[in-house]
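Report on the following structure.
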Amino acid sequence: MSKAELKNRLSTTLQNMEKLTQQLRETKDYSQQAELYFLLNELIIEQTESTDENSSYSNHQTR
Amino acid sequence: MKILVIQITRPGDIFCTWPALSSLRRKYPSAEIHFLVRRKFYQAAQDFYVVDHFWQLDTEKIMSPLIYDPQNVNGSILELSKIINDLRQQDFDQIINLSFSPASSFITHLVAVDKTKVMGYSRTSDFYLFIPDESARYFNAQAGVSKSNRLHVVDMFSMVAQTELQDADMQLYKFHGTKEGIVCHLGASQTHKTWPVHRWSELISMLVEKNKTITLIGGKDDIEKANQVIEQVQSDKLINLVGKTTFKELAKVLAGADYFIGCDSGPLHVANSVGCKSINLSVGMVNFWETGPTVSGSQVLVARNPENLSAREVFLSIFEKNKKSYICDGKMMVRFDDQGNSTEGGWATVLWIHFGGPTPYFSHLDIQFLQQIEEVCNLAKGEITKIINNKQCTFDLLSRAEEILTIISKTNFILAPLIYYFFTEKANIPPGTQAQVAEQTLQCFEWLGAMAKKGIFPDDAKLLENG
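As given, the protein sequences belong to chains A and B, one line each in that order.
Heads up: the first sequence at position 33 corresponds to 97 in the working numbering, and the numbers run straight through without jumps.
Heads up: the second sequence at position 319 corresponds to 677 in the working numbering, and the numbers run straight through without jumps.
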């Protein structure tokens, strides 16, 4: 599957995941399950970025 | 002792991790060393003989439920939780995260148990970034393209792992035999980092005229480029191994070569791992100090616009020292001759902040910016003190203060390292009550204000000597 196809397939999921993680932050759900959602969100972002699993040194949300 | 090292980035970074792993094994001879890599890049790590157990993050398997059904988030979560739980059950004594990505920081936090000592990025209990060690904070603040850092990632990885590198740690593979011919890698992971095909053809034509054997290497993505070069050069001195080698085979080819020529990409780091000298074509947005060659005698030719680097200049680098190139001296701290000015740009500021260097000699314009930084800090400190004392605070002023600092960091690269480090420290504030967070934020502004003042009125003798 090409990068463009993958990005296209995952774009809806990414939008949903961003909403979900925002919700988890708002409800202060700091469970392990919630953290897995955050991790999955980041893995999807990596897949949809043009740079692909590179050393994404920044892009950390801060307090 | 059980140690997990995390490196879930690309093959180049995996090869750069080898020296840290090798020195870690020397530091802890009887430790059980585990290594987490992406499944698709596992091949790059499979010869890391100091590792006792490999873990593979299979991103494709984790993503596959979502690819077939975008709603099937739980299918992916199930796959992800399997490897996380397996890792967590190992009860690691140490986790050394050398990836610096948000994903790796979540993995670190999820896998760590109470007793685990964490080095590198992790997360706080409320899932914000947490950087427990000074070395990783240095990386966060100063490393990256367009920044002033001059430490190689190999050295920074070892700093985070808290190990001492020795020369022997640099080589993964040891092959014996004569060295002849030149190995060229035509591609790179990103287009902006590649040198144009027509330039390659020009260079290779010149080299075969000098009776040099040229071996082309690379991955499947480079096949088209290689075919174009072969067609344009038309020589029986060309050997095409593009898309045909494993990393180990590639290492053997590089070990038998006089030189490797290539851009900022994985094969450059394979060349480093076998002690092969490189001519590194540092084109596009890359920082060769961080990701360039580590083998003494290598050269780096820098050009932001790839077209500006001529084939002739590269050709000259092989047969005589090119005056326009940086020469790798193989030293650990900074690996390159720096054309006579070791403190140019923001590097002097980095040395001042992090390594006990003298106060840099700031220009009149820099001093004006430092005064502005001090004023901004005083303003912010006043507002934060109001929060601590439960008084009305203007949060807009605090936001404005940070905006001004960001603008200064983008305008003045000499002072940027100061502001980068301020933001790193601020990002690393742990969860707490509003008063606790305010107190820690105050400390960040106090540090920055004090550094600005020190820059305006230096008190160290070194600067006075320099006049």
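C-beta atoms are modelled at their ideal positions from N, C-alpha and C, and glycine is treated no differently.
(1) Residues of chain B with a CB under 7 Å from the CB of Q86 of chain A: which are they?
(2) Against chain B, with Cβ distances strictly below 8 Å, would T76 of chain A count as a contact?
(3) With 8 Å as the threshold, decide whether the Cβ of E110 of chain A is near any Cβ in chain B.
(4) DSSP has H392 of chain B in a bridge; who is on the other side?
(5) Tell me which residues share the same chain as T782 of chain B and place their Cβ nearer than 8 Å to its Cβ, disregarding the 5 neighbours each side in the sequence.
(6) I'd like to check one pair, A519 of chain B with L382 of chain B: are the Cβ atoms closer than 8 Å?
(7) Check whether the Cβ of V476 of chain B lies closer than 7 Å to any heavy atom of the ligand MG, and answer yes or no.
(8) Using three-state DSSP, classify A378 of chain B as helix, strand or coil.
(9) Fully enclosed by the segment 449-493 of chain B, which beta strand (DSSP E) runs are 3 residues long or longer?
(10) Please list the segments of the beta strand (DSSP E) lying wholly inside the segment 499-584 of chain B, counting only runs of 3 or more residues, in order along the chain.
(11) Let me check understanding here. Comparing Cα to Cα, which of B:A793, B:M809, B:F753 lies closest to Y779 of chain B?
(12) Buried or exposed, going by whether 16 or more other CB atoms sit within 10 Å of the CB of F373 of chain B?
(13) Run through the DSSP bridge pairs and tell me what V658 of chain B is partnered with.
(14) Among the residues of its own chain, which have a CB less than 8 Å from the CB of E390 of chain B, if the five just before and after it don't count?
(15) Which residue comes first and which comes last in the beta strand (DSSP E) that contains Y617 of chain B?
(16) Three or more beta-carbon pairs under 8 Å between the segment 678-692 of chain B and the segment 507-517 of chain B, yes or no?
(17) Taking C-alpha atoms, which residue in B:N666, B:S668, B:T649 lies nearest to F694 of chain B?
(18) Under the DSSP definition of a beta bridge, which residues are partnered with F694 of chain B?
(19) Give me the residue from B:M528, B:T521, B:Q529, B:G624 with the minimum Cα distance to K385 of chain B.
(20) Is the shortest distance between the beta-carbon of E90 of chain A and the beta-carbons of chain B less than 8 Å?
(21) Does the structure place the segment 542-556 of chain B close enough to the segment 611-625 of chain B that three or more beta carbon pairs sit under 8 Å?
(22) Helix, strand or coil for S75 of chain A, going by three-state DSSP, please let me know.
(23) For F803 of chain B, does the count of other Cβ atoms within 10 angstroms reach 16, so buried, or fall short, so exposed?
(24) Since L596 of chain B is in the beta strand (DSSP E), which residue starts that stretch and which ends it?
(25) Within its chain, find whatever has a CB closer than 8 Å to the CB of L78 of chain A; leave out the 5 residues flanking it on each side and keep chain order.
(26) Classify D116 of chain A as helix, strand or coil using the three-state DSSP reduction.
(27) With C-beta atoms as the reference, is E99 of chain A less than 8 Å away from F720 of chain B?
(28) Looking at C-alpha atoms only, which residue of B:T769, B:K739, B:I420 is the closest neighbour of L800 of chain B?
(29) Excluding five sequence neighbours on each side, which residues of the same chain lie with their C-beta closer than 7 Å to the C-beta of F815 of chain B?
(30) Closer than 7 Å, Cβ to any Cβ of chain A: which residues of the segment 409-423 of chain B, in chain order?
(31) DSSP on F720 of chain B, reduced to helix/strand/coil?
(32) For chain B, find out if any of its Cβ atoms is closer than 8 Å to the Cβ of E113 of chain A; answer yes or no.
(33) Using a 10 Å radius around the Cβ and a threshold of 16 neighbouring Cβ atoms, would you call K67 of chain A buried or exposed?
(34) Rounded to whole angstroms, what's the CA-CA distance from F753 of chain B to V395 of chain B? Just pull it up for me.
(35) Would you identify the three-state DSSP class for N747 of chain B, choosing helix, strand or coil?
Checking against the coordinates, here is how it stands:
(1) Result: empty, since nearest Cβ-Cβ is about 12 Å, beyond 7 Å.
(2) By this cut-off, T76 of chain A is an interface position.
(3) Taking a beta-carbon distance threshold of 8 Å, E110 of chain A counts as an interface residue toward chain B.
(4) Paired residues: B:L362, B:H411.
(5) Closer than 8 Å at Cβ, skipping near neighbours: I489, R495, N498, A499.
(6) Yes.
(7) Looking for the ligand MG in the displayed structure turns up nothing, as the structure carries no ligands at all.
(8) In the displayed model, A378 of chain B falls within a helix according to three-state DSSP.
(9) The segment 449-493 of chain B contains these whole beta strand (DSSP E) runs: 452-455, 475-477.
(10) Qualifying beta strand (DSSP E) stretches, in chain order: 540-543, 572-575.
(11) Of all alpha-carbon atoms in B:A793, B:M809, B:F753, the one lying nearest the alpha-carbon of Y779 of chain B is that of B:M809.
(12) Buried, because 16 or more other Cβ atoms sit within 10 Å of the Cβ of F373 of chain B.
(13) Note: V658 of chain B sits in a beta bridge opposite B:N638, B:Y684.
(14) Cβ within range, chain order: M359, K360, I361, D410, H411.
(15) Note, Y617 of chain B: beta strand (DSSP E), 617-620.
(16) Contact holds: three or more Cβ-Cβ distances are below 8 Å.
(17) Of the candidates B:N666, B:S668, B:T649, the residue whose Cα lies closest to the Cα of F694 of chain B is B:T649.
(18) Partner(s): B:C686.
(19) Comparing Cα positions, the closest option is B:T521.
(20) Taking CB atoms only, E90 of chain A has no neighbour in chain B less than 8 Å away.
(21) Between the segment 611-625 of chain B and the segment 542-556 of chain B there are three or more inter-stretch CB-CB distances shorter than 8 Å, so the stretches are counted as touching.
(22) Looking at S75 of chain A - three-state DSSP - the assignment turns out to be helix.
(23) It counts as buried.
(24) First-last of the beta strand (DSSP E) with L596 of chain B: 596-598.
(25) Excluding positions up to five away in sequence, the list reads N105, I108, I109, T112.
(26) Its pLDDT being 45, under 50, D116 of chain A is placed unreliably in this model, and the coordinates cannot settle the point.
(27) It is not a contact, given that the beta carbons lie outside the stated cut-off.
(28) Just measuring C-alpha positions, the residue of B:T769, B:K739, B:I420 sitting nearest L800 of chain B is B:K739.
(29) Around F815 of chain B: no qualifying Cβ.
(30) Residues T417, I420, M421.
(31) Coil at F720 of chain B, not helix or strand.
(32) By this cut-off, E113 of chain A is not an interface position.
(33) With fewer than 16 other beta carbons inside 10 angstroms of its own, K67 of chain A counts as exposed.
(34) Computed Cα separation, rounded: 43 Å.
(35) Looking at N747 of chain B - three-state DSSP - the assignment turns out to be coil, as it is neither helix nor strand.
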